[in-house]
Each structure stands twice: as structure tokens, then as C-alpha cells.
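Start counting the sequence shown at 68; every next residue gets the next number (our numbering). Every residue, glycine too, gets a C-beta built ideally from N, C-alpha and C. No experiment lies behind these values; they were computed from the predicted model shown. Okay, structure first, notes after.
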Amino acid sequence: MSRIYIFPLINVVLMPGNIVGIIINDEKLLNNLSSHERKFIASLVKDEKKLELNDYGCLCEIIGMQKLSKNTFILQLKASKRVKIGKIEFDDIYPFTENYKVLEENIEDDPITKEKLLSLAQKYIPFLNYENISSLRDKDLCSLTDIIVSIMKANIKIKQQFLEEPMCLIRAQKLIELLEQILKRWPGKIIILKSFLPKPLPTTIYLT
68 MSRIYIFPLI NVVLMPGNIV GIIINDEKLL NNLSSHERKF IASLVKDEKK LELNDYGCLC
128 EIIGMQKLSK NTFILQLKAS KRVKIGKIEF DDIYPFTENY KVLEENIEDD PITKEKLLSL
188 AQKYIPFLNY ENISSLRDKD LCSLTDIIVS IMKANIKIKQ QFLEEPMCLI RAQKLIELLE
248 QILKRWPGKI IILKSFLPKP LPTTIYLT
């Protein structure tokens, strides 16, 4: 397997299907991320001082790029599949791996679980109005679960746990349990969002 670079994320977990924008101030980092057919792995940083990364991440692809200034670029990224990362090595300060496994999952569709998940999510996230719920109802259970995890307010470690769970039916059931606990504990707690897409990631600067 050829070398693929890993993009360390701080306080952000990308789920399959996410499309986000990031600003990069490092041309070498940009070249690294673009070297594997514009594909790389995004992984949450567990320890910033040691640059220790999680073993699970998301395979991403650069789908758009714009140069803002001499060394500043804005990238549009699309996350696609869960991956299990093997040995992580470093090229100077840039992490990469030559050993990773794409976690393919069986697409499951459980109408009862889907409706329960949609109902709970709508109570917790008011932006999920009738029109949005209708469009989400056409999604398979795996995609639906990942979308809700992406847009809901939750501890970053909890979101990482959902990323690491390979079985989408188990993910959906765990998400239902989590939403039920939240609504039971804080029945008045709601989130108002303006879009399904996560906010652009903060500027990432690598100092060399």
C-alpha cells in the first residue's frame, strides 16, 4: 500500500458524507495531502503536545481548492469512508501511514429505527423541520446516523466513538439511547443550526 498522509484535526471529528472547508498556511502540507490522488486520512488528535492521533479516522478527498495568497489556500474536503489506521510514521512533522483499512459496512435499512431516530433528533435539533426530515427520510440508516452525529452538539470523544463503531445499526441504536438520555435530563435543551454542514474548520497552521 502506498503512503497516504494524515491530516490531524483538533476538536473536530469528520463523519462520512461531511463536506467542510479548511484554511491551510503550509504549501508542503498541501502537497502532501494532494499526493495520493488528492486523498488523505483525517484523524482526531488525542494529545496535541505529542501529536498522538486516534487509530480511526475518515478517508477524505480534496474536491475544491482556491489560493488566497502566496502560502494560504482554502480547501473544500469531502469525507467518504471510515478507516482503521495502522502504524503511523512521520515525514518531518507530517504524519503518514502505509497501512490502513477501509471499513466497508453493510447498508442497513430499518424503518422503525429510522423513524424513532428522526423523531428524537427533531426534538433535539429544531432545524430539522418537515422539509428537512422528508429529505433525510430518503437516506439509508448509516448515512442518517452519521448526519445527525455531525450536526448535533456532543462531546468530541462521544463523536469519535460513533466514528469508530463499524456497524451502522449499532450506531443508530446507541444514538437513540444518547438522544433519549439528553432529552430526559434536559427536556428544554435545544440546538438551533443554520445548515446541515458543519462549520468550516479553524485555520490550521504548521510551523516549520
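Margin query: Quick check on the DSSP output: the alpha helix (DSSP H) that includes A239 runs from which residue to which?
Written below: That run of the alpha helix (DSSP H) goes C235 to R252.
Checklist line | For K317, the first and last residue of its enclosing alpha helix (DSSP H) | finding: The shown model of the chain, from 68 to 275, leaves out residue 317, and the question about it has no answer.
Next item on the list: Measure the C-alpha to C-alpha separation of I243 and S202 and round it to an integer number of angstroms.
Entry: Distance from the CA atom of I243 to the CA atom of S202, rounded to whole angstroms, is 19 Å.
Notebook entry, point to check: For S105, which residues of its own chain have a beta-carbon under 6 Å away from its beta-carbon, when the five flanking residues on both sides are left out?
Noted result: Residue 105 is actually Arg in this sequence, not Ser. These residues qualify, in order along the chain: E128 and I129.
Notebook entry, point to check: Under a three-way DSSP split, which group does N78 fall into?
Noted result: DSSP places N78 in coil when its eight states are reduced to three.
Check: Among the residues of its own chain, which have a CB less than 7 Å from the CB of E247, if the five just before and after it don't count?
Finding: Apart from sequence neighbours up to five positions away, the residues of its chain that approach E247 with a beta-carbon distance below 7 Å are L187, ordered along the chain.
Margin query: Which residues does DSSP list as the beta-bridge partners of S136?
Written below: Looking at the DSSP assignment, S136 forms a beta bridge with T139.
Check: With distances taken between CB atoms, is the gap from A239 to K181 smaller than 9 Å?
Finding: Yes, the Cβ-Cβ distance between A239 and K181 is below 9 Å.
Next item on the list: Determine the contact status of I90 and T139, defining contact as a CB-CB distance below 9 Å.
Entry: Yes. Within cutoff.
Item checked: Limits of the unbroken beta strand (DSSP E) element including S69 -> In the DSSP assignment, S69 falls outside any beta strand (DSSP E), carrying neither H nor E.
Note to self: Could you compute how far the alpha carbon of I215 sits from the alpha carbon of V80?
What the structure shows: One Cα belongs to I215, the other to V80, and the distance between them is close to 13 Å.
Check: From D122, C209, L185 and D213, pick the residue whose C-alpha is nearest to that of K154; which is it?
Finding: It is D122.
Notebook entry, point to check: For E171, which residues of its own chain have a beta-carbon under 8 Å away from its beta-carbon, when the five flanking residues on both sides are left out?
Noted result: So the qualifying residues of the chain are K148.
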